[in-house]
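Visitor: Here you go, one structure.
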Amino acid sequence: MEKDERLHLVILGGGHVGHALCRLASVMGYDITVMDDREEFASPGRFPEADRVICAPFAQLEQRIPPLENSYYVIVTRGHQGDFQCADLLLGRRFAYLGMIGSKKKVKEVRQRLLEAGHAWEQVEQIWAPIGLKLGGNEPEEIAVSILAQIVQVRNLSGKEGTSQQVQKALAAGIGGVLVTIVEKSGSAPRGVGCAMLVADDGTVYGTIGGGVMEHQAILDAGSGRKFPAEIRYDLSSGEAGALGMVCGGSILVRMERKPQRPAL
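At position 157 of the sequence shown the residue is numbered 157 (UniProt numbering), and the sequence of numbers has no breaks.
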């Protein structure tokens, strides 16, 4: 993945919502890419605010759009097939945000196709769908506002890639607890840097850092009353594996920090 400090907004679909979103995001300084498979919807004249406009089949997304850091992907194509193609390709990447427009019925169908294509539920769960904060608007500009507001919310709640939608929603709801985030990984630990879970004050756990006995121990440590923030290493290699009941190798370092209960955003 290329190093780049800018915030990259990739709009997949050049229809009314994509058009409105591009205009709004340009005011906030995003580096914007728009892609559509129709010439009349993918032209520089239609998107003068975009940094680049790509006219190509969505199946060519991998070749036409490099995987840059700080990428926020918005899927607003004209139909199920385009939505599925884009989501299928993007779930193989790391991203800061991945949202998909559509009714609950359409979203459910696309999610099912993604599962049948071999994606794990933990991957599919990272898609924000239906997209946007619930502001009650139906006009393209109002939907664009809701999408960009959600992107800003996600970016401000956590700058870490890999934090699950479940954790993001819990934080947005103001649920208090201990946020456990993987900050370092070596070997074949089950999940990577940036993955997180929230151990709420009432004992509810949102998200996962890999499951099993290791996660169970992290949950116990989060509720142990120790002083936070704190960093704890869980060694899954042969020396610790017996004690933790793990069979995979490697280790992870997690950072635990307290998130106080507060009013929902």
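In this text, a Cβ means the ideal position worked out from N, Cα and C, and glycines have one as well. Owing to the predicted nature of the structure, the values given are computational and were not obtained by experimental measurement.
For G82, which residues in the same chain have their Cβ closer than 6 angstroms to its Cβ, ignoring the five residues on either side in sequence?
Guide: If we look at G82 and ignore the five residues flanking it on each side, its Cβ neighbours are F58.
Visitor: What is the DSSP secondary structure of M214, counted as helix, strand or coil?
Guide: Of the three classes helix, strand and coil, the one that applies to M214 here is helix, per DSSP.
Visitor: Looking only at its chain, what residues have a beta carbon closer than 7 angstroms to the beta carbon of S43, apart from the 5 residues adjacent to it on each side?
Guide: The residues are V53.
Visitor: From H19 to L171, what distance separates their C-alpha atoms?
Guide: Spanning the two alpha carbons is a distance of roughly 31 angstroms.
Visitor: In the DSSP assignment, find the beta strand (DSSP E) that holds E62 and state where it starts and stops.
Guide: Unbroken run through E62 is the alpha helix (DSSP H), L61 to R64; no beta strand (DSSP E).
Visitor: Go through its chain and collect everything with a Cβ distance to V76's Cβ below 6 angstroms, but skip five positions before and after it.
Guide: Here the set comprises G13, V17, G18 and I101.
Visitor: Tell me whether G162 sits in a helix, a strand or coil according to DSSP, three-state version.
Guide: Note that G162 scores a pLDDT of 49, beneath 50, so its modelled location is shaky; the value from the coordinates is reported in the next line. Note: G162 maps to coil in three-state DSSP.
Visitor: Do you know whose CA, among D88, E39, K259 and G207, lies nearest K227's CA?
Guide: Of the candidates D88, E39, K259 and G207, the one whose C-alpha sits nearest the C-alpha of K227 is K259.
Visitor: If you run the structure through DSSP and keep just helix, strand and coil, what is A134?
Guide: Note that residue 134 is Lys in the sequence shown, not Ala. DSSP places K134 in coil when its eight states are reduced to three.
Visitor: Please state if the CB of A222 and the CB of V199 are separated by a distance shorter than 9 angstroms.
Guide: Yes; because the gap between Cβ atoms is below 9 angstroms, this pair is in contact.
Visitor: Which first and last residues belong to the beta strand (DSSP E) in which H8 is found?
Guide: Unbroken beta strand (DSSP E) run through H8: H8 to L12.
Visitor: Following the continuous beta strand (DSSP E) through V178, name the residue where it begins and the one where it ends.
Guide: Its beta strand (DSSP E) spans residues G177 to S186.
Visitor: Measure the beta-carbon distance from A96 to R6 and round it to whole angstroms, keeping in mind my assumption that it falls under 8 angstroms.
Guide: Actually they are not in contact, since the Cβ atoms of A96 and R6 sit about 12 angstroms apart, beyond 8 angstroms.
Visitor: If you follow the beta strand (DSSP E) that C55 is part of, which residue opens it and which one closes it?
Guide: Note, C55: beta strand (DSSP E), R52 to C55.
Visitor: Our contact map puts G15 next to R78 with C-beta atoms below 8 angstroms; I'd like the distance itself, whole angstroms only.
Guide: Right, their Cβ atoms sit about 6 angstroms apart.
Visitor: Put D88 into one of helix, strand or coil per three-state DSSP.
Guide: Helix at D88.
Visitor: Starting from R111 and walking both ways along the alpha helix (DSSP H), at which residues does that stretch end?
Guide: K104 to E116 is the extent of the alpha helix (DSSP H) around R111.
Visitor: Per DSSP, what are the beta-bridge partners of G99 in this structure?
Guide: G99 is bridged to V74 and W128.
Visitor: Might you give, ordered along the chain, the residues of its own chain that have their beta carbon closer than 6 angstroms to the beta carbon of Q85, omitting 5 neighbours on each side?
Guide: Within the same chain, Q85 has close Cβ partners F58 and A59.
Visitor: To the nearest angstrom, how far is it from the Cα of P66 to the Cα of R191?
Guide: Between P66 and R191, the C-alpha separation is close to 24 angstroms.
Visitor: Rounded to whole angstroms, what is the Cα-Cα separation between G225 and Q261?
Guide: G225 and Q261: Cα-Cα distance of roughly 16 angstroms.
Visitor: Do I147 and I131 have their C-beta atoms closer together than 9 angstroms?
Guide: Yes, these two residues count as a Cβ contact at 9 angstroms.
Visitor: Nearest-angstrom Cα distance between E240 and L98?
Guide: Reliability of the predicted coordinates at E240 is poor, the pLDDT of 45 falling under 50, and the value obtained from them is presented with this limitation in mind. Cα-Cα distance, rounded: 36 angstroms.
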